[in-house]
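Novice:
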Amino acid sequence: MQENSPNSSPLNDPLFLYQHAVQHPDAEAEFLERIYMHYFDDTRPTTLREDFAGTCAISTSWVNMDQDNRALAVEIDYPTAVWADQNVTELLKDRAEDVIILVDDVINISEPQTDIVASLNFSALIYHKRKELVAYLKHARQSLTDQGIFVMDIFGGIGSTTLGIQERSLQLHIPNHIDPQKVTYQWEQRSYNPDNHKIDCRIHFVLPNGTEMKDAFKYDWRLWSLNDLQEMMLEAGFDYSEIWCDKYDSFSNQSDNHYLPAKNYPDRTDWIVYVVGIKTSD
430 MQENSPNSSP
440 LNDPLFLYQH
450 AVQHPDAEAE
460 FLERIYMHYF
470 DDTRPTTLRE
480 DFAGTCAIST
490 SWVNMDQDNR
500 ALAVEIDYPT
510 AVWADQNVTE
520 LLKDRAEDVI
530 ILVDDVINIS
540 EPQTDIVASL
550 NFSALIYHKR
560 KELVAYLKHA
570 RQSLTDQGIF
580 VMDIFGGIGS
590 TTLGIQERSL
600 QLHIPNHIDP
610 QKVTYQWEQR
620 SYNPDNHKID
630 CRIHFVLPNG
640 TEMKDAFKYD
650 WRLWSLNDLQ
660 EMMLEAGFDY
670 SEIWCDKYDS
680 FSNQSDNHYL
690 PAKNYPDRTD
700 WIVYVVGIKT
710 SD
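Here the working numbering is used: the first residue of the sequence shown is 430, the next is one more, and so on.
#1: Taking the alpha-carbon positions, what's the Ser552 to Phe481 distance?
#2: Please return the same chain residues whose Cβ sits closer than 8 Å to the Cβ of Phe634, not counting the five positions on each side in sequence.
#3: Determine whether the beta carbon atoms of Asp675 and Tyr688 lie at a separation below 8 Å.
#4: For Pro474, does the count of other Cβ atoms within 10 angstroms reach 16, so buried, or fall short, so exposed?
#5: Within a Cβ cutoff of 6 Å, which residues of the same chain sit near Met581, ignoring the five residues on either side of it in sequence?
#6: From the DSSP output, in three-state form, read off Val451 for me.
#7: Ends of the beta strand (DSSP E) at Pro690?
#8: Please determine, among Thr709, Tyr677, Ser710, His626, the residue with the shortest C-alpha to C-alpha distance to Arg697.
#9: Are Val532 and Glu504 close, meaning C-beta to C-beta below 8 Å?
#10: Could you give the DSSP three-state label for Leu444: helix, strand or coil?
#11: Identify the continuous beta strand (DSSP E) that holds Arg524 and give its terminal residues.
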């Protein structure tokens with residue numbers, strides 16, 4: 430990944446572009462709160478741990494959502510953590526101290542315990558071996574309060590292993606530019622190995638002047654089945670786990686984008702679901 434600080438030109442900053450192209454932190458923070466309240470009788474959670482935090486955007490939105498909220502963000506890449514720290518300070522001002530950023534491997538951090546541990550943007554797919562992912566899930570469970578949830582997302586369906594590039598245009602409002610700037614976001618699935626389920630994914634950007642920012646982000650992931658993930662949740666000690674899905678209209682090819690616990694797994698070409706592990710006691 431290329432390096433930049435929030436004070437550099439945003440159009441040359443891959444983390445800025447990633448935040449606007451990929452993340453929806455306000456919606457994700459509200460969603461995490463909703464999941465927790467679903468399992469614990471409408472009790473409001475106040476503490477969030479964001480693993481593989483990157484820009485720390487979800488932690489920032491979490492703290493901004495309520496005066497009582499606090500967040501712990503864990504990011505192993507130092508330049509990214511520095512960028513995030515500057516960005517958090519700029520966005521939260523005097524509440525920036527309510528986001529603690531730790532530069533470390535998530536497996537090394539177990540305190541303080543939080544109500545929610547979140548591993549979003551498919552980050553947990555970095556674990557290619559079952560024993561590695563189970564070890565991480567066990568650690569995540571230990572990092573939760575007595576009533577807590579672990580939330581991760583995963584993508585699947587036939588489209589998840591189809592090679593190629595998908596793209597969409599973004600209209601970004603940039604300081605010192607009167608008009609919105611068009612940036613093209615490209616998601617590439619470069620290779621997939623059906624024997625070990627490893628997939629090579631890339632993010633590229635095309636800037637307003639036509640400059641291509643190739644391989645702004647690269648991912649070496651392992652795709653897991655939903656059955657495998659739920660089994661591993663139980664193996665890791667969670668009391669139970671559930672899949673949260675949206676509803677999809679096959680006629681309009683539209684999702685309602687409202688995720689709820691689902692008894693049946695999604696049956697469509699492409700899907701993104703959330704796997705939730707619930708801890709009800711220590």
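No residue lacks a Cβ here, since even glycine has one placed at the ideal position from N, Cα and C.
As the structure is a computational prediction, the values presented were derived from the model and not from experiment.
Specialist: In short, the structure shows the following:
#1: In the sequence shown, counting from the first residue as 1, residue 552 sits at position 123. In the sequence shown, counting from the first residue as 1, residue 481 sits at position 52. Using only the alpha carbons, I get a separation of about 6 Å.
#2: The residue you call residue 634 lines up with position 205 of the sequence shown. Contacts found: Pro443, Leu446, Ala450, Val612, Thr613, Tyr614, Gln615, Glu641, Met642, Ala645.
#3: Here residue 675 corresponds to residue number 246 of the sequence shown, with the count starting at 1. Here residue 688 corresponds to residue number 259 of the sequence shown, with the count starting at 1. Against a cut-off of 8 Å, the Cβ pair of Tyr688 and Asp675 comes out as a contact.
#4: For the purposes of this step, residue 474 is taken as residue 45 along the sequence shown, with counting starting at 1. Counting Cβ neighbours within 10 Å, Pro474 comes out buried, since at least 16 surround it.
#5: Here the question's residue 581 lines up with position 152 in the sequence shown. Residues of the same chain with a CB within less than 6 Å of the CB of Met581, apart from the 5 flanking positions on each side, are Ser548, Ala553, Val704 in chain order.
#6: As a working mapping, residue 451 is identified with position 22 in the sequence shown. The three-state secondary structure of Val451, taken from DSSP, is coil.
#7: Translated into the one-based positions of the sequence shown, residue 690 becomes position 261. Pro690 -> beta strand (DSSP E) spans 689-691.
#8: In the sequence shown, counting from the first residue as 1, residue 697 sits at position 268. Nearest C-alpha to Arg697: Tyr677.
#9: Within the sequence shown, the letter at position 103 stands for residue 532. Within the sequence shown, the letter at position 75 stands for residue 504. It is a contact, given that the beta carbons lie within the stated cut-off.
#10: Position 15 of the sequence shown, counting from 1, holds the residue named residue 444. Three-state result, Leu444: helix.
#11: Here residue 524 refers to the residue found at position 95 of the sequence shown. Secondary structure note for Arg524: it is in no beta strand (DSSP E), with a DSSP letter that is neither H nor E.
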